[in-house]
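Q:
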Amino acid sequence: MLPYGISALCIRDQDLEIPGVLFGLDEPVPATMREVQFSMPLKSGPGSILFVFMTQDIEHWAEYLDVLGGIMKSISADEPREDSFPEANWRGAEGREQQR
1465 MLPYGISALC IRDQDLEIPG VLFGLDEPVP ATMREVQFSM PLKSGPGSIL FVFMTQDIEH
1525 WAEYLDVLGG IMKSISADEP REDSFPEANW RGAEGREQQR
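Residues 1465 to 1564 in the numbering used here are what the sequence shown lists, from first letter to last.
1) Using only the alpha-carbon positions, how far apart do PRO1505 and TYR1468 sit?
2) Please state whether the Cβ-Cβ distance between SER1503 and ALA1472 is less than 8 Å.
3) Helix, strand or coil for ASP1547, going by three-state DSSP, please let me know.
4) I'd like to know whether the C-beta atoms of GLU1491 and VAL1516 end up nearer to each other than 8 Å.
5) For a test of the three-state rule: what should DSSP assign to GLU1491, helix, strand or coil?
6) Between which two residues does the beta strand (DSSP E) holding ALA1472 run?
7) Taking 8 Å as the limit between beta carbons, can you name the residues of its chain near TRP1525, skipping five residues before and five after?
8) Check for me: the alpha helix (DSSP H) holding ILE1513 runs from which residue to which?
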């Protein structure tokens, strides 16, 4: 459960072969990627939001989960407050600069 609402979580490892040409090699390079998916239903109607993060740096996975957890907890369906964006004070609704 996240502040936004319920979330389905999936973590999986994938064994991939990266084209060697990307590294100037003739043969593909094997790589293991770890992926996490967060799927949350939209509050505004049918459908869902899918957030996906992948990395080959599995050694630091626990640290990435801490960061991703913080990001996922910050998601909100509420409109941002104007005071959250200081630059919004000098732009009008159409994005034009206002005279001060």
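The C-beta atom is built at its ideal place from N, Cα and C for all residues, glycine as well.
A: Let me lay it out:
1) Near 10 Å, if we compare the C-alpha coordinates of TYR1468 and PRO1505.
2) In terms of Cβ geometry, SER1503 and ALA1472 form a close pair [threshold 8 Å].
3) Look at ASP1547 here: in three-state DSSP terms it is helix.
4) VAL1516 is positioned such that its CB atom lies no closer than 8 Å to that of GLU1491.
5) Assigned with DSSP and collapsed to three states, GLU1491 falls in coil, not helix or strand.
6) First-last of the beta strand (DSSP E) with ALA1472: 1472 to 1482.
7) Here the set comprises ARG1498, THR1519.
8) No alpha helix (DSSP H) holds ILE1513; the beta strand (DSSP E) holding it covers 1512 to 1519.
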